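Chains as they are written, first to last, in our numbering: chain P, 10 to 417; chain L, 10 to 417; chain B, 10 to 417; chain W, 10 to 417.
These notes concern the structure reproduced below.
4 protein chains.
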Amino acid sequence: MQQNKRKIINDPVLGFINIPSEFLYDLIQHPYMQRLNRIKQLGLASFVYPGTQHTRFLHSIGAMHLMTDAIAQLKAKGNDITDDEASGLLAAILLHDIGHTPFSHTLENVLIKNFNHEQITLLLIERINKEFGGTLHTAISIFKNEYPKRYLHQLVSGQVDMDRLDYLIRDSFFSGVAEGTIGAERIIKMLTVKDDSIAIEAKGIYSIENFLIARRLMYWQVYLHKTAVAAEKMLVNILTRAKELSAQGTTLFASPALSFFITKNISDQNFPENEEAIQNFIQLDDSDITSAIKVWMAHTDKVLSTLSNHFINRKLFKVKISDTAFNPSEIEDLNKKYQQYFSISKAEATYFYAEGPIQSDTYNPNADNIKILYNDGQVKEISDASDMLNTNMLSSRTTKYYLCYLQL
Amino acid sequence: MQQNKRKIINDPVLGFINIPSEFLYDLIQHPYMQRLNRIKQLGLASFVYPGTQHTRFLHSIGAMHLMTDAIAQLKAKGNDITDDEASGLLAAILLHDIGHTPFSHTLENVLIKNFNHEQITLLLIERINKEFGGTLHTAISIFKNEYPKRYLHQLVSGQVDMDRLDYLIRDSFFSGVAEGTIGAERIIKMLTVKDDSIAIEAKGIYSIENFLIARRLMYWQVYLHKTAVAAEKMLVNILTRAKELSAQGTTLFASPALSFFITKNISDQNFPENEEAIQNFIQLDDSDITSAIKVWMAHTDKVLSTLSNHFINRKLFKVKISDTAFNPSEIEDLNKKYQQYFSISKAEATYFYAEGPIQSDTYNPNADNIKILYNDGQVKEISDASDMLNTNMLSSRTTKYYLCYLQL
Amino acid sequence: MQQNKRKIINDPVLGFINIPSEFLYDLIQHPYMQRLNRIKQLGLASFVYPGTQHTRFLHSIGAMHLMTDAIAQLKAKGNDITDDEASGLLAAILLHDIGHTPFSHTLENVLIKNFNHEQITLLLIERINKEFGGTLHTAISIFKNEYPKRYLHQLVSGQVDMDRLDYLIRDSFFSGVAEGTIGAERIIKMLTVKDDSIAIEAKGIYSIENFLIARRLMYWQVYLHKTAVAAEKMLVNILTRAKELSAQGTTLFASPALSFFITKNISDQNFPENEEAIQNFIQLDDSDITSAIKVWMAHTDKVLSTLSNHFINRKLFKVKISDTAFNPSEIEDLNKKYQQYFSISKAEATYFYAEGPIQSDTYNPNADNIKILYNDGQVKEISDASDMLNTNMLSSRTTKYYLCYLQL
Amino acid sequence: MQQNKRKIINDPVLGFINIPSEFLYDLIQHPYMQRLNRIKQLGLASFVYPGTQHTRFLHSIGAMHLMTDAIAQLKAKGNDITDDEASGLLAAILLHDIGHTPFSHTLENVLIKNFNHEQITLLLIERINKEFGGTLHTAISIFKNEYPKRYLHQLVSGQVDMDRLDYLIRDSFFSGVAEGTIGAERIIKMLTVKDDSIAIEAKGIYSIENFLIARRLMYWQVYLHKTAVAAEKMLVNILTRAKELSAQGTTLFASPALSFFITKNISDQNFPENEEAIQNFIQLDDSDITSAIKVWMAHTDKVLSTLSNHFINRKLFKVKISDTAFNPSEIEDLNKKYQQYFSISKAEATYFYAEGPIQSDTYNPNADNIKILYNDGQVKEISDASDMLNTNMLSSRTTKYYLCYLQL
């Protein structure tokens, strides 16, 4: 490695992180990775937990660091992982988030219809691969789950992958929700491979229970905190209104990259072939959104300016949470109130509120079933192995309903 | 408060702790409290987690500190807690452990038959009360659950009392099992009172789930770690053998206090009336046991010296854990092996192993049912309120079996 | 306080922070304060320490929290602080940073000539005061050091003010430079007042030595890290070039607020009377700068586009540090190299490097002399009281020189 | 390594510690090392900082862990360290404290005249070496500073050795004096070798300044805290009185090991040849002292019983600290007061107080001069390299005087 390449990163969560090779250093320096340093990991949760300003960049590096530990553990237990595979694993986890939009999941479907960040991540990794002369071949194969050793993919994207281990300890650290932390290092020590699949040694069962419950805590306490949900819905409405105004011929201030996605109809279908879309995508980060919305506060459209003003100055939607869907008549009354108050149409009034099930798409308990390996070679799913966790719960999903609206 | 009375304690876990009053300062300085600074909180778990040398003294002060927070919260929510009640609560939680034997639970039944540390705690608090001119009257009433406001007792000894909140964060801190921590401060903020009973506000349900699962993790990972269990069984066998030898007329080195309990048959029945027993009890701490066993390493009795030697030099019993009881024939074989190896009797050979259910008496899930208070005034038990935790589990108990034995 | 006003903030550094009153809650919600949540505390140091994404908003709230502790301590020691004074102190420290430009100190003189952030802070506080019906009168008086009790001002801006205590523990926490932490709580416990001036009790002398040395460590290890300096110089050159191009009639993409400061010549002289300038100032934050520079990467001006590209993709200036000024001939050679390489003029070539003394203006050891109060009533300056710190050092200043330049 | 050998230790300070080899595991299991788990690292400082119950055992293992990091760093920088040397370094640092008496430095000269714990450590290492068939040969050579590569010894015992790095972060952690922490990991990364001597890279100068100031803070805030000094002097007087009584023919309760040192006159001269002394020494730990003093509370000798009672119940000597020695007449008055109060002789009265310079022998600033290596190959002492630290201070020593006495 060249002398002038900084080899150590100081991470408040994991301590000193050594960048394992020049290859990985060069990936970290790539513009697609540097862009992640301008996208916050938790998006609008920082309205609730103001310490959570950390970026997807540091998370990716942290996940890479945990991967080095996982590789060392698995090799120590007799699993053969070649240097090429190790390098592929590290590159795959390092790059696993480069397809994210600004403000993480919030804007995905607003900017690009049927957006799938894994699809775009793959597309971008393949572009880097071309630049780098094919050295990402193994990483791509692992990422796509086409690599023969299937368990390698599970370390990148699976029930206890390095992504989850890192984001839970990291988000717990920066939010100040200390009890949301997990025993990442202990869990990694208990990783093993059984039938080409990642499993956890039986003595790790309590750590896994704790991991599942801590994750659940973080979801409801932080990620899906009702105020964060309110802010997200507000942001979605602002961008949707901007797109609508734009479609009607109104000119809106925006950086060229943001302007592109506001004025064009891009979807998962036409994105991959659209070089201009890709070029604009990789320019886009949190700053474009924030910078534009501040300007929109003075826009002549009452809907856009009101929402922008409230968003920037943190006068967020009020939120109600319920176990059942809200009554349509309650929502209709709300709509009428805004029509009257702002002298706007029924369609325009819909921008001042939002309702629906809480992002249960983000939290899929189905995928959480984890294999536990006993000393006698037996394997059980965690839902069978644990006498504490509710089996049905692990194979079903929780839905809550929110109704959020502008307070007049 | 007098100038020369140190008013602040530096706690690595909770930060600066202010001692709230001269009355509490004087209690802390009482010999019964100072004795707790010579009894380790986790007893022999320090053989496994060498950072856990912390004492019951600091735990008691930590629990008192959390109680000041709990009182402030409950008062802020409109619950009337008088100064006398507050003082009583603080005194009761501060003194709640003074009846403990050395090495915590391990030696309870060995030193005093049918030992009940709450009974002795009460007896000792009443003695202090006499010395202090009756100022512990409210504390005693709360401790005995005779105080009219029943919920005050629950803060001292209940499902989410200050004892548990403190020991979980403290033991997690000193053991290095960081993921065993709980959101003590957050839980305290969600304490409320409903129908003269402590309840948790509904939004705290995830914190409570995490509390229950973290406690379970700490039990199996730390408190009931198989090596700690092995050490405890060894210690019990050593003391039991010492009592037996003593009964046979053998003289053993021991401090007078330890000697008293080795040579006399003290039980919960005769203890309270036996002033000599009480005087010796309050002299007894971890140092008496350790100091004596070191001397017994050179005793002529092969059983006592062998076990003492192994214990002091951390050559602990080997342990097997099983979900079902061990086969009597396996144990019989073991006995014969020791008879032969040491040329000893069948009865003597029993000292070289131990078997039984793992201290399920320490962990009683029945008592864990916690009241959740919803915004509409409804109250549910946590087992009903949580869709994640296994209802049956919360109302049953886990039993594991151990077999531990000297490795030859 | 109204129910819907969020009263507690979860700070990973200081734990739960209670907002002491509705008045302070309303200040926190003011747009001038919310803007600080879009300005990073450490600006470009995040290029070196990627954990330091925290904002001036959370720092301000942290400093307010420490102030509540300081007030409680001083009152407990018999100093009379009225409720109005306490409220003024809390408001003054909360608002002490609202006059900051984006990227903190870096852009101060580029955007506004002879910028003085304290002057602008005062101007903005006075505007809020009008809105709030004069309730900031005491805060302003303390902030301007016109309040009769002079020591109150020192808690807001002095040698050991709450600003410094908070930023040192906070920046240490987020950077991962744990050894840069200070005993903020311990120092606050040792605050006292002597002759209307803040002093430290003599037993706190070691904490103060540690505070001074930790601050020095943080300066050279973090704030003035050579890579951070390089990034800052690059950013200054980019904005200066943008202003120059603009003066020449070139149109540049920028948000209206940024555009205002790029196209107008604003200085400390004309700013206070210029309502348009003030309105644009309060719109400006980090996102405007970042968003614009990304667009400038494609600008036709070679100087602007090259620098913008390097800045965004973290190909920062290379830096040399020296104890003496760099040789003019070395710099001239450098200039010629860039002229040749880019086919540009001598004046244009100067944008590709920067040199000068390292921001010694940021670190003024003169101001660090702290009063130590002995038990006998005697007061000594820390430079006399400490036998460990170099007296001359404390009354002089360190200068280092940097030369940073684009690597071709 | 055998399966049943526990290979990982959970350290709350340093995280998971891997025991690097079976050889080191066997050393850890040796009775001389296990004894350190019964000797507190900070002795009586736990009377002031009740969290500091940690033992010399865990400190030794922590220092060994830091040594593995230091070896890796130095090797990565091109210094050849053979496997035998690495193993010797690890063994030497692991065993560096086995010659300590109970309660660390306090009792050294009381139990053994002219006690030198390094001499006894060496003697004990040599005994283990015999048991282990000479495998400690390199460790001994390094420990005695006879090994040809001189810099290896400095890692075990030098200005920035692994002993100091570990104890500072560890004692800071357990005391709760967080600001006493140092950048151990950062300092290790800056270790280098110049002219067969350990040096620190120039960019590490601020870390070293912080290390020296943090150490100073820990000395005055924790190690030499006046209450800890008071407790130590009390303990010394108790043991000295016990020896005196014993010399007069009085029988005292004590474990055989403690009894040996109370009744015999052992000095550095006769210890090494006295097998019985050595055998008793390795039996002795904190528990013998505590256990005996508790019994002495009831002794007929008024001096011994009074002091023992006050010690056990933490009614410690009151302390005055002064920059100059105390006036003999003040001390004489004190003596008379005790004579009268207890009706005792002048000689007996001396046990109720103590005075002298504060353990300046523990803190020798002379030894702190550390080599700084500049990029140009130049080496400076830290006193010359740092413009912040007082040169004279670094080459002189601070003396304070204490007078502590029983409060009647």
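Virtual Cβ for every residue (Gly too), placed ideally from N, Cα, C.
In this text, all values refer to a predicted model and were calculated from it rather than measured experimentally.
{"Item": "With 16 other Cβ atoms within 10 Å as the buried cut-off, status of Glu140 (chain W)", "Value": "exposed"}
{"Item": "First and last residue of the uninterrupted beta strand (DSSP E) at Glu364 (chain B)", "Value": "Tyr362 to Pro366"}
{"Item": "Asp370 (chain B) burial status per 10 Å Cβ neighbour count (16 or more: buried)", "Value": "For Asp370 (chain B), the predicted model reports a pLDDT of 42, less than 50, meaning its position is unreliable; a value from the coordinates is still stated below. By the 10 Å Cβ count, Asp370 (chain B) comes out exposed."}
{"Item": "Terminal residues of the beta strand (DSSP E) in which Ile209 (chain W) lies", "Value": "Ser206 to Glu210"}
{"Item": "With 16 other Cβ atoms within 10 Å as the buried cut-off, status of Glu364 (chain L)", "Value": "buried"}
{"Item": "Where the beta strand (DSSP E) through Asp20 (chain W) begins and ends", "Value": "Ile17 to Asp20"}
{"Item": "Three-state class that DSSP yields for Ile330 (chain W) in the structure shown", "Value": "strand"}
{"Item": "Proximal residues to Lys303 (chain P) (C-beta, below 6 Å), its chain only, five neighbours per side dropped", "Value": "Ile321"}
{"Item": "Glu4 (chain P), DSSP secondary structure in three states", "Value": "Outside the shown range of chain P (10 to 417) lies residue 4 (chain P), about which nothing can therefore be said."}
{"Item": "Tyr58 (chain L) - DSSP class collapsed to helix/strand/coil", "Value": "coil"}
{"Item": "Residues within the region 23–36 of chain P neighbouring chain W, beta-carbon criterion of under 8 Å", "Value": "Gly24 and Phe25"}
{"Item": "Reduced DSSP secondary structure (H/G/I, E/B, other) of Ser276 (chain W)", "Value": "strand"}
{"Item": "Sufficient close CB pairs (3 or more, under 8 Å) joining the region 209–217 of chain B to the region 381–394 of chain B", "Value": "yes"}
{"Item": "Min CB distance Arg65 (chain L) to chain W below 8 Å", "Value": "no"}
{"Item": "Local Cβ density within 10 Å of Pro21 (chain W), reported as buried at 16 or more and exposed below that", "Value": "buried"}
{"Item": "Helix, strand or coil at Asn27 (chain B) according to DSSP, with G and I counted as helix", "Value": "strand"}
{"Item": "Spatial distance of His126 (chain W) from Ala85 (chain B) (CA atoms)", "Value": "47 Å"}
{"Item": "Residue from P:Arg136, P:Phe351 and P:Asn219 whose Cα sits closest to the Cα of Val186 (chain L)", "Value": "P:Asn219"}
{"Item": "Partners in chain B for Pro194 (chain L), counting only beta-carbon separations shorter than 9 Å", "Value": "The amino acid occupying residue 194 (chain L) in the given sequence is Glu; Pro does not appear at that position. Simply Gly24 and Phe25."}
{"Item": "Nearest neighbour of Asp297 (chain L), chosen from L:Tyr232, L:Leu120 and L:Leu104 [CA to CA]", "Value": "L:Leu120"}
{"Item": "As assigned by DSSP and simplified to three states, the class of Val169 (chain B)", "Value": "coil"}
{"Item": "Contact list for Thr190 (chain B) against chain W, beta-carbon separation under 8 Å", "Value": "Ala187, Glu188 and Thr190"}
{"Item": "Sub-8 Å separation of Ala69 (chain L) and Asp35 (chain L) beta-carbons", "Value": "The residue asked about is misnamed: residue 69 (chain L) is Ser in this sequence, not Ala. Against a cut-off of 8 Å, the Cβ pair of Asp35 (chain L) and Ser69 (chain L) comes out as no contact."}
{"Item": "Beta-carbon proximity list for Ala193 (chain W), same chain, < 6 Å, skipping 5 on both sides", "Value": "Leu174 and Ile178"}
{"Item": "Proximity winner among L:Leu226, L:Leu145 and L:Asn123, relative to Asp180 (chain L) (alpha-carbon distances)", "Value": "L:Leu226"}
{"Item": "CB contact below 8 Å: Thr299 (chain L) versus chain W", "Value": "yes"}
{"Item": "Leu132 (chain B) vs Asn138 (chain B) beta-carbon contact at 8 Å", "Value": "no"}
{"Item": "CB-CB length for Tyr232 (chain P) against Ala54 (chain P), believed under 8 Å", "Value": "6 Å"}
{"Item": "Residue burial classification, Leu83 (chain L) (beta-carbon count within 10 angstroms, cutoff 16)", "Value": "buried"}
{"Item": "Residue interval of the beta strand (DSSP E) (run including Val245 (chain P))", "Value": "Per DSSP, Val245 (chain P) belongs to no beta strand (DSSP E); it is in the alpha helix (DSSP H), Lys235 to Ala256."}
{"Item": "Arg250 (chain P) versus Tyr176 (chain P) - alpha carbon distance", "Value": "32 Å"}
{"Item": "Cutoff 6 Å; reference Gln163 (chain B); Cβ partners in own chain excluding five residues on either side", "Value": "Ile207"}
{"Item": "Residue-chain proximity (Asn19 (chain W), chain L), Cβ-Cβ < 8 Å", "Value": "yes"}
{"Item": "Chain P residues whose Cβ lies nearer than 7 Å to that of Asn46 (chain B)", "Value": "Pro59"}
{"Item": "Glu155 (chain B) - containing alpha helix (DSSP H), residue span", "Value": "Segment: none, Glu155 (chain B) is in no alpha helix (DSSP H) and carries neither H nor E."}
{"Item": "beta-carbon Glu135 (chain B) near the ligand NAP non-hydrogen atom, thresh 7 Å", "Value": "Of the ligands one can find in the structure shown there are none, so the ligand NAP has no counterpart to examine."}
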